[in-house]
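Remarks on the structure that follows.
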Amino acid sequence: MFYSEIYFIVLQIILQYTVASKTVDKRSVDLSASHAIISDVRLSTEVAPTGYEIHLHPIMEKDSFTGTIKINISWSQAIKKISLHAHYDLNLNERTLTLLKLNKDSVEEAIPILRGDRMLRKTIYIIYLKSTVQECSQCILKIDFEGNIWQSTEGLFKGSYIDDISNEEKHYLATSMSPNNARRLFPCFDEPGFKVPFIVSIARPKAYTTLFNTPLLRTESLNSSPESSYVIDYFETTPPMSTFTFGFVISQLNKFKPDQGKLADSELQLEINLWARQGVLAEVKEIYAKLNEIYALLIDYFNVSLPLKKIDILAIPELGSLRPADCWGLLMFKERDLLSKPSYYFLTHELAYQWLGSWITPDWWNVSHINSALVGFLCATVTLKLDNDQEYKAKYPMTLLYSLYYEFSKRYPHSRITGLKQEMASQKTEMILRMLNYTLSESTFQAGIRKFVADYQYKAYVSNDLWDTITKQAILDGMLTSEYSVAEIATSWIVKDRLPMITVDTESDKNNLKISQKLYLRERPHDVPEQHLMLWWIPIVMISQDNLNFSLTKPKIWMKEERDILVPNSLAENKFIIVNPQEIGPFPVNYDRKNWNLLLSFLLTEEGRSRIPTYTRAKLLHDAWNLAYAGDLTFATALNITLFMKYERNPIVWTPFFIMIDHIGRHIQMSDVHKKFDMYVQTILTPLYEELRNSDSNTWQSELKSIAHLSLSHAGYQPCVDEARQAYKLWMESANPDMDIILPNNYICIIFKWGTIEEWEFGLERVITFPKNRTRSERTFLLKTLAGCPVQPDKIIRLLNITILEGNGNFTDNDILLIFNMLSGGSVGYETLYNFLYENWSEVRRKFENKTNLWDSLITEATGLFKTSKGYEQVKTLYNQHKGEFGSATHIIESSLKNIKEEVKWSDENLPVINVWLDNFLSNNNRTTEENFL
């Protein structure tokens, strides 16, 4: 079976709407201290800016700029030096460096400067003074500077595009200050906590327009030659803001003129302006309407509008930046991102940062995950209010939670991807905010956020500022007592790269409910150090069968970092309970056998499926199989819970099922159980697939149908396989098969899996004769499926012989690495690879002895994935026969032997249970016949 392809497609769909990807790019306030360019060195606080006056003169023809800055500085302590930021690429004119002290009646007194030095290997410039400046002094520091305009999107950069009307090349200048690139453009205090007003003037060519954070105040001519073609724009003074939100664009884009005028609220008139090429202006009308709709909802949520007069939003062709710009009052998008009918979520995400990030700013980057999480939660809240964004409703928050469960239940979270840690921290924090929104009530939580926004306007905050504000509001509203602290609750989750699980015991005491918590681990062995010390604040929200009111989300009790609690008088005889309904908190819940059976009986009825909401049905299914996978629940119970899926039609509930058949399917491939499991998949999926195939469907249902089709095909469902073979036959009979793949990609793996050797050889020939004028990604896809899909060892042996033993020149080392990787996707693949290595040891070792990357990859994929006693003995035999010959891969095979032992335990414990259950299931469903099974 090749279930990994199913999982890959499901994962892609999930990733479209998870906040880790959400089709939204990272912003400066999303970055962590682990980001390579963010230094841990912070400026001293003895001197701080109180305002900037900046004049910038970009010279587009020379790709350079000059400028002058006056910084108002305040002394909080007596000191005789000033430390500020200036990048190595920024040239400071030390001859013009002056410091003037403001005395009474604004009399200026020059303070002698000894010298200016750059700190070694740091973008910090230190100005040493001849005498000490006293506490509470006010000074003006003036510096002239110059620098280069870059092609890369850091600081001030230059870009170009071809105008679709004139067919001329057009140039533009734009800034990217985040996270700490303002120091590339002008000397400054380039930290988010310093928030002061800016007075700015910028020179530009007369034929261009400059857009800045604030509106244009006036324009004056530059008469001095040769700069007569330039003018100077003066802009309104900005509100207090951080340097990373500073930004401007000099371009020849055109302004969209809407049918209706400005969006206004009772306090402040704010205009949303869209700028784009003339030829695409008509395409932004729908986007303009969405932006105004979203802005109104954000105002409603925060109960306050932005202190701005305008927000300029630009669709810039060929913009090299990977993310929209973090400028206050100015948003820069890649044209294709803005014109591709972006989702409400995407647009909300960008507008929300105008409040949270620009107006209210984290004091330092270690608070960035809080800010990112708050924006993510707010975006979800706003998007879910927009009825026409049904696809988002179908995927949030379950898909986000799944990624958290899988990552934090590993033995070593984030072990492979360094940047994943910050991303997952933001996602987890967003789910904590969602949990608080439920448990404290939506009205209390929103009131807390409104109070937070009101208190920290123009300020920088630390994490406890947010938590303390919410705590006070919750106590005021009676949702928490004074003994509770939201900071303590939230911190118990945030500081751990882990999640808990709780176990609910309804059997041992007739009246009282026993609940215990422990660390949730899926990967084996469960040997995480000090796991017995890990405890969380967990809200126990309970729903009983005799009162299925899922709107009641206030906790019956909080587990206050306690291992066990007793909930008195909470059980009714022969009635099930559901703890953590709607995935209120990010933790799985296990029950005793009796409660699971009561839940299943209810779900198998039409009334039960209608009364238990979608998210809760999905949670029960997801929890059951994950707990079984982890060894905390018998697979008989977990598979029983899937029985209601024959009647389920909601895509939210089907997502965990597809992930389940992938994870379990890969575990049982080498056993005698796998064919029965395929028949079980067919039985569950066929009603859904046949119903979707014969009906009109929306986008998400189309995706669901596609995954169902793929799952059935890989399970050997004959109608799906026949359909693929018919399409493949047309390709084989085409006059020039190398010119195009004339069938859907999702058919190809099915053919390479169930088709004949002749059909597979045809695909191999297409890879070997692949035309140079076709995209390499098409060839890569073919090669991946040739290696990863077959269930017949002779196909795989043929591919390995050609690429390794025969050394066919059409295959590179990267191709071979790809083949090894794809063979790890199924038991036939890695077992065949093992046999090939075992039988050709000397020749393979000779070819790879000087290519450690290939050798290490081969040993990894050929020995590391077995899950049975037979597989362990095979790997052990290879190790013993060639001990001392593994070279760089010695530690790999030794690690493989250790890991296989754990997998053998899993197989010995669970395969007999799964086998018996499948026998009973197939017997009860009359599926022992193989009429539709290959």
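Read left to right, the sequence shown gives residues -20 to -1, 1 to 914 (mature numbering (1 follows the signal peptide of the UniProt record, and there is no 0)). Heads up, the beta-carbon is just placed ideally off N, CA and C, and yes, glycines get one too. Given the structure is predicted, the values throughout are model-derived calculations rather than measurements.
Taking a cut-off of 8 Å for Cβ pairs, the region 503 to 514 and the region 526 to 534 do not touch, as fewer than three such pairs fall below it. For residue 193, no alpha helix (DSSP H) segment is defined, and its DSSP state is neither H nor E.
Bounds of any beta strand (DSSP E) do not take in residue 464, whose DSSP letter is neither H nor E. Contact check for residue 684 and residue 631: beta-carbon distance about 5 Å, within the 8 Å limit, so the pair qualifies. Setting aside the 5 residues that flank it on each side, residue 390 is surrounded in the same chain by 503, each with a C-beta closer than 6 Å to its C-beta; the list follows chain order. One thing to note: residue 125 has its Cβ within 8 Å of the Cβ of residue 71. Our two residues, residue 431 and residue 449, have alpha carbons roughly 7 Å apart in a direct line.
Of 109, 737 and 120, the smallest CA-CA separation from residue 88 is found for 120. Put simply, of 238, 216 and 851 the residue whose alpha carbon is nearest the alpha carbon of residue 34 is 216.
When 794, 590, 153 and 169 are compared, the shortest CA-CA separation from residue 190 is found for 153.
Across the set 85, 106 and 83, the C-alpha of 106 shows the shortest separation from the C-alpha of residue 94.
In this structure, residue 59 lies near residue 27, with their beta-carbon atoms less than 8 Å apart.
The Cβ neighbour count for residue 291, taken over all protein chains shown within 10 Å, is at least 16; the residue is labelled buried.
For residue 47, DSSP records a beta bridge to 36 and 125. Between residue 621 and residue 576, the CB-CB gap stays under 8 Å. Here residue 537 carries a strand assignment [DSSP, helix/strand/coil]. Here residue 499 has 478, 480, 508, 511 and 514 as same chain residues with Cβ atoms under 7 Å from its own Cβ, once five neighbours each way along the sequence are excluded. When C-beta atoms of the region 464 to 479 are compared with those of the region 487 to 497, fewer than three pairs fall below 8 Å, so the two segments do not count as touching.
In this structure residue 36 is in contact with residue 182, their Cβ atoms being roughly 5 Å apart against a cut-off of 8 Å. Burial of residue 156 is indicated by the presence of at least 16 other C-beta atoms within 10 angstroms of its C-beta. Sequence-distant Cβ neighbours of residue 96 in its own chain, meaning closer than 8 Å and more than five residues away, are 72, 74, 77, 105, 106, 107 and 108. Residue pairing by DSSP places residue 307 opposite 310 in a beta bridge. Nearest Cα to residue 310 within the set 226, 285, 340 and 256: 226. For residue 519, DSSP records a beta bridge to 538.
Rounded to whole angstroms, residue 267 and residue 373 show a C-alpha spacing of 20 Å. Non-local C-beta neighbours of residue 330 in its own chain, meaning closer than 6 Å and more than five positions away in sequence, comprise 304 and 311, ordered along the chain. Following the DSSP letters along the chain, one finds residue 640 inside the alpha helix (DSSP H) bounded by residues 631 to 647. By the neighbour-count criterion, in which a residue is buried when 16 or more other Cβ atoms sit within 10 angstroms of its Cβ, residue 560 is buried. If you look at residue 813, you'll find it in the alpha helix (DSSP H) that goes 807 to 819. Cβ-Cβ separation between residue 731 and residue 704: approximately 6 Å, consistent with a contact (criterion under 8 Å). Taking 3 residues as the minimum length, the beta strand (DSSP E) runs contained wholly in the region 199 to 287 are 210 to 215, 228 to 231 and 249 to 256, in order along the chain.
Restricting attention to alpha helix (DSSP H) runs no shorter than 4 residues, the region 852 to 902 encloses none. For secondary structure counted as the alpha helix (DSSP H) over 4 or more consecutive residues, the region 712 to 777 holds these complete runs in sequence order: 725 to 734, 737 to 748 and 756 to 768. Taken atom to atom, the span from the alpha-carbon of residue 259 to that of residue 137 is near 24 Å. In terms of CA proximity to residue 623, 580 leads the group 580, 592, 835 and 783. When the beta-carbon positions are compared, residue 420 and residue 460 come within less than 8 Å of each other.
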